[in-house]
Structures are given as structure tokens and as C-alpha cells.
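Inspection log for the structure reproduced underneath, given as C-alpha cells.
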Amino acid sequence: MKIKYVLGAAALSVALSAPVAAQTFNWRAHEGQTINLMLNNHPWSQAMRDLAAEFTAKTGIKTQIEIFNEEQFRARLTTLMQGKSADLDVYMSLTSREGAIFEKAGWYADLAPLIADKTMTMPDFNYEDFSASIRAASTFGTKIVALPINQEGPLFYWRKDIFEKCKVAEPKAIEDLPDTAKALKACDASMGVWAARGLRGAIPYSLTAFINNQGGSYATPDGKPGLSQPNTLKGLALYASLLKDYGPPGALNHTFTQVIELLGQGRIAMTHESSNEFANIMRFPGRAQDLGVKVLPPGRETKISKPVAIGWTVTMSPNSQRKPASWYFLQWATSREIQAKLIANGVAPPRASVFEGQEFNKWIAEMPIRKAWADSLIEIGKTGTGVYQSPTERVPEARDIIGTAVQEIVQGASPADAARKADEALAKLQ
Amino acid sequence: MVSRHILRALDRIQLTIILAILGIPIVWIFMLAFKSRTEVASLPPKLIFTPTLENFVELFNRNDFLHATINSMIVASGSTVLGIVLGVPAAFAISWHRMSWPATITLFARMAPGTLFLLPWLIMFTKLGLVGSHLVLILTHAAITLPVVIWVLLPYMDALPRELVESAQIDGARQDQILRLVAIPVVSGGMVVAAILSFVFSWNYFVFALVLSGIRTKTAIVASFNFIGEGVTNWGALMAAAVIIALPPLILTLLIQKRLVGGLASGAVKG
Amino acid sequence: MRTSSKNVLAGYHWMAAPAMVFTIGMIGFPIGYAIWLSLSNVPPGGDPVFIGLENYARLVKDPEFWNALKLTVSLYAMSLSMQLVLGTWLGLLLGRSRAAQGLTRVILVSPFMLPPVVVGMMAIVILDPSFGIANWLLAQIGLPPGLWLSDPKTVLFTFAVLDTWQWTPFVALIVMGGYLSLPAEVFEAVELDGATSFQRFWHVTLPLLGPTLVTAAVLRSVDILRFFDVIYLTTQGGPGNSSTTLNILAYRRGFEFFDFGYASAIMITLSAVVFGSVLIFSKLRAAVAW
Numbered sequence: 000m001k002i003k004y005v006l007g008a009a010a011l012s013v014a015l016s017a018p019v020a021a022q023t024f025n026w027r028a029h030e031g032q033t034i035n036l037m038l039n040n041h042p043w044s045q046a047m048r049d050l051a052a053e054f055t056a057k058t059g060i061k062t063q064i065e066i067f068n069e070e071q072f073r074a075r076l077t078t079l080m081q082g083k084s085a086d087l088d089v090y091m092s093l094t095s096r097e098g099a100i101f102e103k104a105g106w107y108a109d110l111a112p113l114i115a116d117k118t119m120t121m122p123d124f125n126y127e128d129f130s131a132s133i134r135a136a137s138t139f140g141t142k143i144v145a146l147p148i149n150q151e152g153p154l155f156y157w158r159k160d161i162f163e164k165c166k167v168a169e170p171k172a173i174e175d176l177p178d179t180a181k182a183l184k185a186c187d188a189s190m191g192v193w194a195a196r197g198l199r200g201a202i203p204y205s206l207t208a209f210i211n212n213q214g215g216s217y218a219t220p221d222g223k224p225g226l227s228q229p230n231t232l233k234g235l236a237l238y239a240s241l242l243k244d245y246g247p248p249g250a251l252n253h254t255f256t257q258v259i260e261l262l263g264q265g266r267i268a269m270t271h272e273s274s275n276e277f278a279n280i281m282r283f284p285g286r287a288q289d290l291g292v293k294v295l296p297p298g299r300e301t302k303i304s305k306p307v308a309i310g311w312t313v314t315m316s317p318n319s320q321r322k323p324a325s326w327y328f329l330q331w332a333t334s335r336e337i338q339a340k341l342i343a344n345g346v347a348p349p350r351a352s353v354f355e356g357q358e359f360n361k362w363i364a365e366m367p368i369r370k371a372w373a374d375s376l377i378e379i380g381k382t383g384t385g386v387y388q389s390p391t392e393r394v395p396e397a398r399d400i401i402g403t404a405v406q407e408i409v410q411g412a413s414p415a416d417a418a419r420k421a422d423e424a425l426a427k428l429q
Numbered sequence: 000m001v002s003r004h005i006l007r008a009l010d011r012i013q014l015t016i017i018l019a020i021l022g023i024p025i026v027w028i029f030m031l032a033f034k035s036r037t038e039v040a041s042l043p044p045k046l047i048f049t050p051t052l053e054n055f056v057e058l059f060n061r062n063d064f065l066h067a068t069i070n071s072m073i074v075a076s077g078s079t080v081l082g083i084v085l086g087v088p089a090a091f092a093i094s095w096h097r098m099s100w101p102a103t104i105t106l107f108a109r110m111a112p113g114t115l116f117l118l119p120w121l122i123m124f125t126k127l128g129l130v131g132s133h134l135v136l137i138l139t140h141a142a143i144t145l146p147v148v149i150w151v152l153l154p155y156m157d158a159l160p161r162e163l164v165e166s167a168q169i170d171g172a173r174q175d176q177i178l179r180l181v182a183i184p185v186v187s188g189g190m191v192v193a194a195i196l197s198f199v200f201s202w203n204y205f206v207f208a209l210v211l212s213g214i215r216t217k218t219a220i221v222a223s224f225n226f227i228g229e230g231v232t233n234w235g236a237l238m239a240a241a242v243i244i245a246l247p248p249l250i251l252t253l254l255i256q257k258r259l260v261g262g263l264a265s266g267a268v269k270g
Numbered sequence: 000m001r002t003s004s005k006n007v008l009a010g011y012h013w014m015a016a017p018a019m020v021f022t023i024g025m026i027g028f029p030i031g032y033a034i035w036l037s038l039s040n041v042p043p044g045g046d047p048v049f050i051g052l053e054n055y056a057r058l059v060k061d062p063e064f065w066n067a068l069k070l071t072v073s074l075y076a077m078s079l080s081m082q083l084v085l086g087t088w089l090g091l092l093l094g095r096s097r098a099a100q101g102l103t104r105v106i107l108v109s110p111f112m113l114p115p116v117v118v119g120m121m122a123i124v125i126l127d128p129s130f131g132i133a134n135w136l137l138a139q140i141g142l143p144p145g146l147w148l149s150d151p152k153t154v155l156f157t158f159a160v161l162d163t164w165q166w167t168p169f170v171a172l173i174v175m176g177g178y179l180s181l182p183a184e185v186f187e188a189v190e191l192d193g194a195t196s197f198q199r200f201w202h203v204t205l206p207l208l209g210p211t212l213v214t215a216a217v218l219r220s221v222d223i224l225r226f227f228d229v230i231y232l233t234t235q236g237g238p239g240n241s242s243t244t245l246n247i248l249a250y251r252r253g254f255e256f257f258d259f260g261y262a263s264a265i266m267i268t269l270s271a272v273v274f275g276s277v278l279i280f281s282k283l284r285a286a287v288a289w
């Protein structure tokens, strides 16, 4: 009897609220629907899986979430999109990487009309709370293709205790790194000194600051591939020589998984790895006490500091049959309230109000290294770039070519030769 | 005669080395699954450690791996049954009439790379409204296990004495009765081998389910490799997943190793 | 004797029909569609546009394709020859010592029953030069570390070793079966001639095992030429392009770089290579029959 009564009341309230919903925003307007989400394995996704129940409680919309590692995520997404599947509603996208291709392919729904529609979007959503550069990465003309869910970029992690023990100074300029590495190696030959990404497609992410900070660029001033420019060559050579002379064996198959394992186990003294790994590294015993983190040092003469700074986004498929309900999820997941909750999972919030808010500052104050991490993120949010390949729409291929050049240098090719070959291949993508 | 003893001892030594090379990596993976998340990849390896179940808790509590395992069971069993139902009569007919082209046609599914089928099948089964169902996985997996069933059964069918069938025909038995009452009892040993191999191949198969499964039907193989990710890599859970997906094939191996070895040994000779 | 059935009514052809209908229904469309895609330009998100043989013309001029073909063939040659040689050796060892019993038999069967995904995971945790157990063990006995899958010079060979680890017992069991079925009189006759054990192996056992070995070779060829899962999980074709086989190249072109037309042309070519190898072996089978 009781259940019947509740159901009846619910039906009644839905019936009554329907005409009202036409003028004002109502969280429960799409009650009873179920949306399908496909997410890349990421701290944000793991947190979403735990928080989804709150979304259902608030809106009455059920969620089915599947999480894949990045390779499989991309294979499945590409096939579902190419096959125009209507089963997928919401998915994650790295717009700085695949945005241009996806937009051209028509794989993003336009969110701009939804944001502008007062009946569809919560009153305090405040899209402008995301910084202009973050918004720009997901905007094509007037079309908004995705909402930002985090900020990330590679940071310089180093073992303060080892530096202290060996009486080696923290590097102040990027050109200091080889000497720093040499001194550390001389101090304790059994200790690993350096590790960084060596897997082809993964290299440009951590390589970019090495090039930019020394005054180089992936592009020539007139927009052609420019790996052969002198300053760019310096960056390529520096990154490759650190890997070659001080990197771990097997570095050419390494990406974050291996690099972080080495750092976490305390087997290397420094690395340049993703800010996302922060919470993961803190899990290893001792690292919260002995690790330092900051933005990779700038060029000595150039004073330039321009690392990669990107953000994952969440978006919806144009083939979705449940667009309004999907949009409800998107705005809920990127709302101030939810982003504040994600901080504890090591997800750096893209909203300025969260970054400056109380919850974030309280969390930071608990440990000095958290403060250093947050400060670094704020810095790269201002100085960073989302472009880390020569100009092209075929971004994934371009990054592979750049990574291949670095691998060749590590294996003994001259930087000039490797860069020339890469420039030729890159020119074909333009 | 002394030399014969020495030779025999040499054989034993060679065999022991081979078995160690084959067995130790598998044992090693099983050990890693019981180490804590941060100990899995640490060196030097701890041979003596306190085993923990934390990885399996992560696997089954937070990740619903049980559901994926059940899905794999459904898909592997379903495609095996389908493969046997289609394959046994086909193998009988092919063997009886010495037709080689039908057997060759089924092999085409195993000659093309699995990724070739992904996009066409997605389009085809989307039209049929089957994407995300168990049925679509059963059908697609059966397409690659059916040739296994047929080819494993062929030598057994070839060994079936023709006189048995012919005398049943003279007695006026219907064709389906001949298959059920004459052929199948004789080749039942081969059917067990075919069924087990087909189950294992379906269980182990990776790429079809990656695209054609839905959230509720994801198989254990597809779910197993998702413990790697920027900021969320979990070696422990990965090793636990490896153990869980390796167990059913290994248990089946244990149950049918005698028949399987016999089947392989005799099958290839006659085939 | 076989022909005697002819005069008795016996049309069992229909029993093969369900399996044929099923197979053609399942794989006819995909193969046809893939061929059509291989003759089309397929923009991401767009519909295929027929362009004739352009993708294949591009293939012939693409150094990456030739490199991938070369890698596919070398991986194939290394894997298959190691498996046949080691498989024959192990198969004869098992045959003469009658050792394939109990636990031995279980250990022999286990590797090739394992999911390829698990073999990939094993490669990741055991062979990683920085924290895998393999190099640590080598160091304990004073050997230099190997780079395994991380060095372009050794990566392909390492994959061949992995596949050989998994499938040699399979070949061995087939060879054992062939050996045990050989007529005993043959060996007795040679023994009386006073042949050495090597002569006996080379001139008698091996030729007699010919058909068995060809069968094993066909079964392995089809799989080795399409070797995919383990590369996909470990190196993704690297370092550089040093393990980008045809199958991996097609995957990357299609699913990572969104060029389904070109990817389909590579997949169709690979299917043709596999088909060709099966044809060659079936001719060979007729040649070595005794």
C-alpha cells in the first residue's frame, strides 16, 4: 500500500511539474531515464563511479558507467562512432588531441544552445567560471563541444632527501638537468637518476617543455613543421640524452605506468610526469615525506616556462537518443559542487571558483606537498599550452612521428637527422 | 646397457628443464596476485611474503568483476553449444562425403584478422538490434570456434567404421537416428575435446567483445586489462584479474588433459 | 572399400547446411564490406566513397607497409621454425620416454590454454628491464641484463620466444602422436643396419613425421601471421615501428588514426597472405605424404 501511494504521488508530481518545467529548470524533468557512459580510466572516472548514486538520487536518472584503459577506450569509441551507434550517450574526450578530427567527423553534439537555455541548465552553472583558455580548447567557432573536467600537465618530481644527502642543488634552469643527473649518479651509482616517457606516442607530452623552455617550437614561424630549428633540436637532444644516459633500462616502452612505479618504489631521483599521478604516488610508503614537486625549470637565458597543460572533458554523442538526460549529467558532473568533492581524489578542478575555494584550500593545507602540487597546477594553468605537435589536424599521428624521432636519437641517431626525417613525415600531415 | 641408463637420465633432465620453463612463469603470476598493490613490481622480489586478498577484494567489490566473469561463462558456454550443434552434423557430412570445401569455408573466419570484423559486425548487428546482448557475442564467438569443432571432429568421424553406418541404413534407420545413435556415441571422446577447446578459445577471445559487448555484457577478458591508467594504475588488481581469467582454462585443462593430449596426438596424424 | 557406400542411399550433405548457412551469414557480409571499404575513402564519421584501387596503390608505395610485411614474415619465420624444431625435439623426447602423464601433461597443456591477454601481462611484469624478474634472475647468475621488448633489435625475437613458449608443447604433442603411431618394424629394421641415432632420426623418423609436421605448421601459421593481442598489450608496435606487424599497422591506421579505408586494404592483404600460406602448406602436405 505504502509503495503504491509513493509511486502515485511521484507520478502526480511529475505530471504536475511537466508544464512548469517548460519555463524553469527542474532537476527531475527526465526522471526514469537511463544513460550510458563510457569513460577512460582516470582518477575522475573512478570518482564518478562512486558519485553516480548522488546524481541518480538528485535527478531520478540512472547511469550505466563503463571504464576502459585508454587504448581500449579509443578503439571502442572510434568503432561506436564510425558505426553511428545510438547506445552511447556520454563519453570522455581529450579535445586538445582529437578535438579537430572529432568535430569534423560530427562526433560531438553542440552544447552551446543547451548552456544558453534557461530551462535546460541550472541557474548557478556559470560556464564562465572555467578559464578562457580551458574553454577555448573545446570551442570550435560558436560550437561548444565539451565541458572540462580537470586540469593536468607534466610536473617535475624530485626526491628532496636524495638531493640533500648528495648535496646536489635543485635545478634552477632546464639546462642544469644533465649536471644535476651527473652529480646524483656520481654520488650513488646504485641509484636510478632519471625516468620519463619513452613510448612513441606518449613522449611529446613530457618532451614539450624541454623544447619550449629552450626557445624552440614544433612549428616554424610560417607554420611548417620545425623540429630542425636549432632551439628545438636542443630540446630533443636534451630529452633524449637524459633518457639515454640516465634513464632506466627499457625506457623506450615506458609510459606513466612504469615511470610512476619506479618513482613510487623509490628507485629514481627525478622525473617529469603527469600531475594526475599525484594521488597514486602518495600511496607508496614514504613518498609524501621525501618528494618535491614543481613546474619543470625554465630555460636559463630564455626564461621561458611553457609546459603542456591540458584537460580531459566530458561530452555527449550526437547519436544519443537521450540528449536532455545526458546534458543533465554533464552539467551536474562539472558543477562547482561536484568538482569540489573530486579534489580528494587528486582531480585538479578546472573551475576557478573551486581552485580558490575553501574546500580546496583546506585540503592543501593538510600537507606541504599538496600545496606545492596545487601551486604548480595554478602556474601551468597560466603558462601552459595545449598544443604539442606541429600544426595539423591529424594530431595523434603527428605525436607519433615526434616520439619516433626522440626514440631514434636515444638509439644513437643524430638529432639533426632524426628531426629532418620527422619534419618530412610531418609535412605530409599538413 | 649402461649407455641406455645414461640416455634415460639425460631425457629426464631435459624434460625437467622444459617443464620448469613452462610452469614457473605461470606460478609466478599466481604469486604476484597475492602481493599487495605496491609490492607487485618491487625488486628484489620477496619470495616469502604475507599473502593478501586485497587485490581480489578490489576486483570483485569495486569493479564487479564477478559480473564480467559470469558474462564470459554465458558467452563461452553458449558459443560452445552452438558450435557443437552446428559442427557435429557438419563434420559427419563432410567426413562421409569427403567434401573439403565446406570445411575450408569455415576456416576463412580464422584467416582474417579479428579487427577486420569489428566495424562491419557493429553495423550489421546494430541494424538487427543485437549489439550489447549476450546473443551477439555468442554468435560471433561461434563463428570462430565452429571451425575448431569441425576440424577437431573430422579425424574422429573419419575413423568411424563405414560398415556401422551402412548396416544401420539397411536396417532402415533415419538419417538423424544414424547421427544420434551410431555416429555420436563413437565420436563422443572427440566431442569432449572439441567442446573444451571451443570453450577455451571463446573464453580467451579478446577483440569482438571489446566493441560488440554492452555495459551489462562485458566479458572478463575485456574487463581484465582496465587497471592501467594515468594516476590509477593498479598492478595488484591487474595480476588478480590475470589469475581469474586464467583459472577456467587451467581447471578445464586439469579435467581433460588426458583426452586432450590423446585428441591432439591422434587428430593431427589422421587429419 | 569406401566406394561400397555409393549404391546405398546416402545423402548426408544437408547436415552440413546449417553450419554453412551460419558461417556464410556471419562472415560473408563482414568480408564483403571490408573489401568494399578497402576500395573506398572513408572519412571519420562520413560514408565510404568508392575510389577503386587507390588504397592498394598507396600500399605499394608506403614504406611502413613494406616494413610491416617484412616484420610479419620475420616474426613468422622465427616463431614457426623455433616451434617446429623445439616441438619435434620435445615431441620425440615425450614419445620415447612415454612421459606425457599426470602433472607433466598438465604443465605441457597449460601454456597454450592461457588467454593471450595473460601472456601479455606476463610479458609486462616479467620481462620489463627495470622491474621484471627476468633481468633480476640473470643478474643473480652473473649474466648481463636483456632489453627484451624495449630494444628494436630484440623486440621481434622476444615476441617469437613468447609465442614459442606458449605453443611449443602444442606442436610437441602433435609430433608425439605422430611418432607413436609410426610402425615399430621400421625402427627395428634400421637398428639392425647399425645406423647411428642421428642417422636414424634424419633418414627415417623425420621423413615419416613429414605429414604430421605439416599439419602442425598449418595450424600455427594461421595464428602466428595474425599475432596481435600480445603486441597490442605490450609495445603497441614499438619501439619505433620495430614491432608494427601488418595486423598492428592495420589496427593503428583504422582505430587510432581513423583511416578505415586504408586499414581495410591492409587487413585484406594480410588475409590474403594467411590464405596463401594455407594453400602452400596444403600442396606441401600432398608432396610429403607417404
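Residue numbers (numbering that gives the first Met the number 0), protein chains in the order written: chain C, 0 to 429; chain D, 0 to 270; chain A, 0 to 289. Glycine is no exception: its CB is placed at the ideal position from the N, C-alpha and C atoms. Values in this document were obtained by computation on a predicted structure and should not be read as measured data.
Please work out which residues of its chain come closer than 6 Å, Cβ to Cβ, to Val-189/A, disregarding the five sequence neighbours upstream and downstream, and give them in chain order. Arg-199, Val-203
Give me the subset of the region 163-190 of chain A whose CB atoms are less than 8 Å from a CB atom of chain D, sorted by chain position. Trp-164, Pro-168, Phe-169, Leu-172, Ile-173, Met-175, Gly-176, Gly-177, Leu-179, Ser-180
Could you list the residues in the region 27-49 of chain A with a C-beta less than 9 Å from some C-beta on chain C, going in chain order? Val-41, Pro-42, Pro-43, Gly-44, Gly-45
When the distance is taken between beta carbons, is Val-130/D closer than 8 Å to Gly-189/D? no
At the 8 Å Cβ level, is Gly-260/A part of the contact set with chain C, yes or no? no
Looking at the unbroken alpha helix (DSSP H) that takes in Tyr-90/C, where does it start and where does it end? For Tyr-90/C, there is no enclosing alpha helix (DSSP H); the enclosing beta strand (DSSP E) has its first and last residue at 89-92.
Considering only their Cβ atoms, is the gap separating Pro-42/C from Gly-310/C smaller than 8 Å? no
When you compare the CB of Gly-239/A with every CB in chain C, is at least one pair closer than 8 Å? yes
I'd like to check one pair, Gly-86/A with Val-170/A: are the Cβ atoms closer than 8 Å? yes
Listed in chain order, which residues of the region 40-56 of chain D have Cβ atoms closer than 9 Å to some Cβ of chain C? Ala-40, Ser-41, Leu-42
Beta-carbon contacts of Val-135/D that lie in its chain and below 6 Å, excluding the five residues immediately before and after: Phe-124, Leu-129, Leu-211
Do you know whose CA, among Leu-254/D, Pro-247/D, Leu-237/D, lies nearest Met-30/D's CA? Leu-237/D
Beta-carbon proximity of Gly-191/C to Thr-301/C, cut-off 8 Å: no
Would you say Thr-270/C and Trp-193/C are within 8 Å of each other, going by their C-beta atoms? In this structure, Trp-193/C lies closer than 8 Å to Thr-270/C by Cβ.
Can you tell me whether Thr-120/C is helix, strand or coil according to DSSP? coil
Where Lys-34/D falls: helix, strand or coil (DSSP): If DSSP states are grouped into helix, strand and coil, Lys-34/D belongs with coil.
If you compare alpha carbons, which of Val-242/D, Gly-228/D, Arg-7/D is closest to Gln-257/C? Gly-228/D
Per DSSP, Phe-49/A is paired with what? Ser-39/A
Among Glu-423/C, Ala-111/C, Gly-383/C, Val-394/C, whose alpha-carbon lies nearest the alpha-carbon of Ala-446/C? The displayed coordinates of chain C run from 0 to 429. Any statement about residue 446/C would go beyond what the structure contains.
Just grab the DSSP bridge partners of His-96/D for me. For His-96/D, which the question treats as bridged, DSSP gives no partner whatsoever.
Go to Ala-194/C, then tell me how far its alpha helix (DSSP H) extends in each direction, as first and last residue. No alpha helix (DSSP H) contains Ala-194/C, which is instead part of the beta strand (DSSP E) from 191-194.
When we look at the beta-carbon of Lys-34/D and count the other beta-carbons within 10 Å, is it buried (16 or more) or exposed? Lys-34/D should be labelled buried.
Mind listing the chain F neighbours of Arg-109/D? Cutoff is C-beta to C-beta under 9 Å, in chain order. Judged by its chain identifiers, the structure shown contains no chain F, and its protein chains are C, D and A.
Below-8 Å beta-carbon distance, His-12/A vs any chain D residue: yes
Can you find at least 3 beta carbon pairs, one from the region 221-234 of chain C and one from the region 313-328 of chain C, that sit closer than 8 Å? no
For Lys-184/C, the three-state DSSP class (helix, strand or coil): Lys-184/C: helix per DSSP, three-state reduction.
Would you say Asn-35/C and Asp-109/C are within 8 Å of each other, going by their C-beta atoms? no
Chain D contacts made by the region 135-166 of chain A, where a contact means CB separation under 8 Å: Trp-135, Trp-164
Looking at chain D, is there any beta carbon in it that lies within less than 8 Å of the beta carbon of Thr-78/C? Chain D contact via Cβ: present.
If we call anything under 8 Å between Cβ atoms a contact, is Thr-105/D one with Ile-149/D? yes
So which residues on chain A does Phe-29/D lean against when the C-beta distance must stay under 9 Å? What Phe-29/D touches in chain A: nothing, since even the nearest Cβ is about 11 Å away.
Who pairs with Ser-375/C in a beta bridge, going by DSSP? The secondary-structure analysis by DSSP pairs Ser-375/C with nothing; it has no beta-bridge partner.
Residue environment, Arg-173/D, which counts as buried when at least 16 other CB atoms sit within 10 Å: exposed
Put Gly-253/A into one of helix, strand or coil per three-state DSSP. Here Gly-253/A sits in helix by DSSP.
Three or more C-beta pairs closer than 8 Å, one from the region 161-168 of chain A and one from the region 241-256 of chain D: is that the case here? no
Determine the DSSP secondary structure at Thr-244/A, reduced to helix, strand or coil. It is coil, neither helix nor strand.
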